[in-house]
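Q:
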Amino acid sequence: MVTDGTTVYFNSIIAEPAGIAACKLPGCTNRRRILAERSARKFVLHEGYLYFTNGSRSTVNRCRASACTETLEILADAQSSPSSLAVGGGYLYWSPLVPTSSAPVRYIAL
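Counting in this note's numbering, the sequence shown runs from 1412 upward without gaps.
1. Among S1512, K1435 and S1450, which one has its Cα closest to the Cα of R1443?
2. Buried or exposed, going by whether 16 or more other CB atoms sit within 10 Å of the CB of P1437?
3. Cβ atoms of P1493 and S1469: under 8 Å apart, would you say?
4. Taking V1498 and L1486 to be in contact with their CB atoms under 8 Å, please state how far apart those CB atoms are, rounded to whole angstroms.
5. What beta strand (DSSP E) runs, 3 residues minimum, are completely inside the region 1415 to 1472?
6. Given C1474, which residues of its chain have a CB within under 6 Å of its CB, disregarding the five upstream and five downstream residues?
7. If S1495 and S1506 are in contact, beta carbons under 8 Å, what's the gap, nearest whole angstrom?
8. Name, in chain order, the residues that DSSP records as bridge partners for C1474.
9. Spatial neighbours of H1457 within its chain, please: C-beta separation below 6 Å, excluding the five flanking residues on both sides.
10. Where R1452 and T1418 are concerned, what is the direct C-alpha to C-alpha distance, given to the nearest angstrom?
11. Can you grab the Cα-Cα spacing for the pair V1516 / V1413, in whole Å?
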């Protein structure tokens, strides 16, 4: 779950329609699905993009928060259970669920 101060973005796997959902603050009463990604997990917002991991597909992804379905990009695939997202210094960082000594943190330029 992450917010930009006016909207909350989260994974909605219980309530239909399932996927990445968004709702306006305060109250979050107008929930809407912005992308049909049931396995989306860790979320980060940065400069209008929503970054997220997908454990079942082993990917790190991004989309424009305002038009997620139309702008979905896979930034990295074949990632062993990606988690722990962070943005800093022009890079997106993540680590696998079980980090290895050779690659405890992975990154890509934004």
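The beta-carbon is built from N, C-alpha and C at its ideal position, and this holds for glycine as well. Owing to the predicted nature of the structure, the values given are computational and were not obtained by experimental measurement.
A: Based on what the coordinates show:
1. For the purposes of this step, residue 1443 is taken as the residue at position 32 of the sequence shown. Answer by Cα proximity: K1435.
2. Here residue 1437 is taken as the residue at index 26 of the sequence shown, counted from 1. Exposed, by the Cβ-count rule.
3. Reading the sequence shown from its first residue, position 58 is the one you call residue 1469. Reading the sequence shown from its first residue, position 82 is the one you call residue 1493. The answer is yes: Cβ separation under 8 Å.
4. Numbered from 1 along the sequence shown, position 87 holds the residue referred to as residue 1498. Numbered from 1 along the sequence shown, position 75 holds the residue referred to as residue 1486. Incorrect: roughly 12 Å between the Cβ atoms, too far for contact.
5. 1418 to 1423, 1430 to 1435, 1443 to 1446, 1451 to 1457 and 1460 to 1465
6. Reading the sequence shown from its first residue, position 63 is the one you call residue 1474. Correct list, in chain order: L1461, T1482 and L1483.
7. Locating residue 1495 in the sequence shown gives position 84, counting from the first residue. Locating residue 1506 in the sequence shown gives position 95, counting from the first residue. S1495 to S1506, Cβ: 5 Å. Contact.
8. Along the sequence shown, one-based indexing puts residue 1474 at 63. Per the DSSP secondary-structure output, C1474 pairs in a beta bridge with L1461.
9. By one-based count along the sequence shown, residue 1457 stands at place 46. Hits under 6 Å: V1498.
10. Walking along the sequence shown from the start, residue 1452 turns up at place 41. Walking along the sequence shown from the start, residue 1418 turns up at place 7. When rounded, the distance between both Cα atoms is 17 Å.
11. Position 105 of the sequence shown holds residue 1516. Position 2 of the sequence shown holds residue 1413. The alpha-carbon atoms of V1516 and V1413 are separated by roughly 21 Å.
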